[in-house]
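Numbering (our numbering), first residue to last: 217 to 445.
Below you can see the structure in the form of structure tokens.
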């Protein structure tokens with residue numbers, strides 16, 4: 217893997233690990249130290265991050281990690297629904313039984329573990345299973361262009377969710393129940409029922425994220441004014 221690609225993937229991972237925060241200003245040297253890559257590789261990755269909408273260059277201010285404003289959140293969730301609904305229909309029609317069984321087995325493991333108590337480790341595993349199903353649907357399309365768009369948008373969605381509504385012990389059972397509904401319909405090869413289940417799942421995530429944003433919208437602009445002077 218080329219150094220600029222290594223730097224890019226390290227940047228994404230630091231975003232998801234919350235070592236880089238939406239709206240944060242950074243320098244090229246700070247990015248080099250954070251990613252463990254030379255300045256040349258960092259400079260080469262910046263245009264890609266800008267094209268992805270994950271970083272922007274502001275005159276006399278420097279580099280800023282993408283902010284999570286309301287318009288971006290709505291756009292990201294709409295794009296997610298468009299891609300994943302199309303992918304799900306294709307998955308229902310063409311996915312081998314073995315691929316469906318893999319997703320069902322992952323879900324069953326989480327459900328079994330939850331019966332003995334919901335721990336932070338289980339929440340992390342459940343979140344990975346959740347994201348994994350969505351990624352598997354899109355990957356099954358076998359379309360590299362769509363996969364690239366989904367990959368970047370998935371980063372946006374994950375930033376939105378982790379900053380607002382993380383998976384909690386109370387939320388885990390209904391979230392996994394939504395997955396169970398989707399997978400049951402997929403196993404029956406019923407695209408309409410699968411789509412209904414997916415839309416319920418996606419709308420739940422979107423509504424919780426936007427509701428959080430509504431509750432905090434009045435306070436955040438004042439905080440930003442104080443920071444940016």
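Here a beta-carbon is modelled for each residue, glycine too, at the ideal position from N, C-alpha and C.
The structure displayed is predicted, hence computed values, not measured ones.
Beta-carbon spacing of residue i, residue j below 8 Å
i           : j           : result
residue 236 : residue 281 : yes
residue 354 : residue 303 : yes
residue 322 : residue 345 : yes
residue 350 : residue 300 : yes
residue 377 : residue 311 : no
residue 238 : residue 375 : yes
residue 257 : residue 220 : yes
residue 292 : residue 398 : no
residue 338 : residue 329 : yes
residue 313 : residue 326 : no
residue 271 : residue 243 : no
residue 352 : residue 319 : yes
residue 356 : residue 315 : yes
Burial state of residue i, where buried means 16 or more other Cβ atoms lie within 10 Å
i           : result
residue 223 : buried
residue 442 : Low confidence applies here, because residue 442 scores a pLDDT of 33, under 50, leaving its location unreliable; read the following figure in that light. With fewer than 16 other Cβ atoms within 10 Å, it is exposed.
residue 251 : buried
residue 361 : exposed
residue 369 : buried
residue 241 : exposed
residue 234 : exposed
residue 333 : exposed
residue 395 : buried
residue 413 : buried
residue 225 : exposed
residue 274 : exposed
residue 229 : exposed
residue 294 : exposed
residue 249 : exposed
residue 438 : Unreliable positioning characterises residue 438 in this predicted model, as indicated by a pLDDT of 39, which lies under 50. A coordinate reading is not provided.
residue 410 : buried
residue 276 : exposed
Bounding residues of the alpha helix (DSSP H) (the contiguous stretch that carries residue i)
i           : result
residue 338 : 336-355
residue 288 : 286-310
residue 384 : From DSSP, residue 384 is part of no alpha helix (DSSP H); its letter is neither H nor E.
residue 233 : Unbroken run through residue 233: none, as it is neither H nor E.
residue 328 : 313-330
Contact with chain C by residue i, beta-carbon distance below 8 Å
i           : result
residue 326 : Annotation note: the requested chain C is absent from the structure, which comprises a single protein chain.
Any non-hydrogen atom of the ligand HEM closer than 7 Å to residue i Cβ
i           : result
residue 425 : Although the ligand HEM was asked about, the structure shown includes no ligands whatsoever.
What residue ranges within the region 249-279 form continuous beta strand (DSSP E) runs of no fewer than 3 residues, ordered along the chain?
Fully enclosed beta strand (DSSP E) runs of 3 or longer: 271-274.
Please confirm if the region 399-408 is in contact with the region 254-266, defined as three or more CB-CB distances below 8 Å between the two stretches.
No: fewer than three Cβ pairs fall under 8 Å.
Give a yes or no on contact between the region 254-261 and the region 282-298, applying the rule of three or more CB pairs nearer than 8 Å.
Under the three-pair Cβ rule at 8 Å, the region 254-261 does not count as touching the region 282-298.
How about the region 383-401 and the region 409-420: do they share at least three Cβ pairs that are nearer than 8 Å?
Yes: at least three Cβ pairs fall under 8 Å.
Which runs of the alpha helix (DSSP H) at least 4 residues long sit entirely within the region 403-430? Give them in chain order.
Complete alpha helix (DSSP H) runs here, min 4: none at all.
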